[in-house]
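Before any comments, here is the structure.
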Amino acid sequence: MPLRVRPIAHGSADYAAAINLRRAILRTPLGLDFTSAQLAAEADDTHLGAFDGDDLVGTVLIAPYDDVTAKLRQMAVDDEQQGKGIGAQLLSAAEDAARAAGKTRITLAARLTAQAFYERHGYAAEGNVFDEVTLPHISMHKSL
Numbered sequence: 110m111p112l113r114v115r116p117i118a119h120g121s122a123d124y125a126a127a128i129n130l131r132r133a134i135l136r137t138p139l140g141l142d143f144t145s146a147q148l149a150a151e152a153d154d155t156h157l158g159a160f161d162g163d164d165l166v167g168t169v170l171i172a173p174y175d176d177v178t179a180k181l182r183q184m185a186v187d188d189e190q191q192g193k194g195i196g197a198q199l200l201s202a203a204e205d206a207a208r209a210a211g212k213t214r215i216t217l218a219a220r221l222t223a224q225a226f227y228e229r230h231g232y233a234a235e236g237n238v239f240d241e242v243t244l245p246h247i248s249m250h251k252s253l
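Letter by letter, the sequence shown follows residues 110 to 253 of the numbering used here.
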């Protein structure tokens with residue numbers, strides 16, 4: 110079955126699955142978890158999910174940053190599905206969602222291990238490396 114990327118409603122069963130995926134990929138390996146305040150703060154963000162049939166295999170969030178910029182956050186793809194182009198499809202859908210919201214730029218904080226992925230998709234690093242959630246990150250941006 111072909112992969113489908115579609116919006117996820119905050120608070121839905123798909124959102125719960127996305128939280129579980131994000132937790133497994135982005136938080137648990139670092140000994141971290143989400144707080145209820147962090148999850149509540151995502152209510153106005155655009156949540157996207159990549160689905161293989163009914164199975165959620167990837168997710169990403171787009172948050173308003175300023176009048177012209179969206180912030181890409183929490184990109185996660187199931188470990189067993191990585192390397193299959195799912196991240197690229199999620200990124201493209203996130204860029205489309207940002208454009209549809211009238212944004213002309215995307216910013217993000219990339220783990221250094223993901224920097225090359227974003228560079229392959231037209232993102233440029235800016236500033237110095239910084240630590241976030243115990244790992245080195247770099248700010249990146251792309252004009253849409």
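The beta-carbon is built from N, C-alpha and C at its ideal position, and this holds for glycine as well.
Quantities reported herein were computed from a predicted structural model and do not represent experimental measurements.
If you draw a straight line from the alpha carbon of residue i to that of residue j, how long is it in whole angstroms?
i           : j           : result
residue 245 : residue 137 : 17 Å
residue 176 : residue 216 : 13 Å
residue 189 : residue 165 : 12 Å
residue 252 : residue 158 : 23 Å
residue 184 : residue 193 : 15 Å
residue 143 : residue 129 : 10 Å
residue 152 : residue 122 : 14 Å
residue 139 : residue 131 : 12 Å
residue 145 : residue 197 : 29 Å
residue 229 : residue 119 : 30 Å
residue 154 : residue 231 : 23 Å
For residue i, write down the residues that DSSP places opposite it in a beta bridge.
i           : result
residue 141 : None, per the DSSP bridge assignment.
residue 134 : Note: residue 134 sits in no beta bridge, so no partner.
residue 156 : 117 and 170
residue 82  : It is not possible to answer for residue 82, since the shown part of the chain is limited to 110 through 253.
residue 185 : 168
With DSSP collapsed to three states, give me the class of residue i.
i           : result
residue 164 : strand
residue 176 : coil
residue 243 : coil
residue 211 : coil
residue 223 : helix
residue 147 : helix
With distances taken Cα to Cα, identify the nearest neighbour of residue i among the options.
i           : options               : result
residue 168 : 113, 241 and 235      : 113
residue 238 : 232, 230, 247 and 231 : 247
residue 160 : 170, 129, 195 and 154 : 195
residue 220 : 187, 182, 206 and 154 : 182
residue 236 : 250, 145, 134 and 152 : 250
residue 214 : 173, 229 and 191      : 173
residue 243 : 156, 111, 141 and 122 : 141
residue 240 : 223, 218 and 147      : 218
residue 163 : 222, 145, 197 and 126 : 126
residue 156 : 145, 111 and 202      : 202
residue 191 : 223, 115, 209 and 210 : 223
Would you call the CB atoms of residue i and residue j closer than 9 Å?
i           : j           : result
residue 179 : residue 212 : yes
residue 171 : residue 149 : no
residue 187 : residue 117 : no
residue 199 : residue 227 : no
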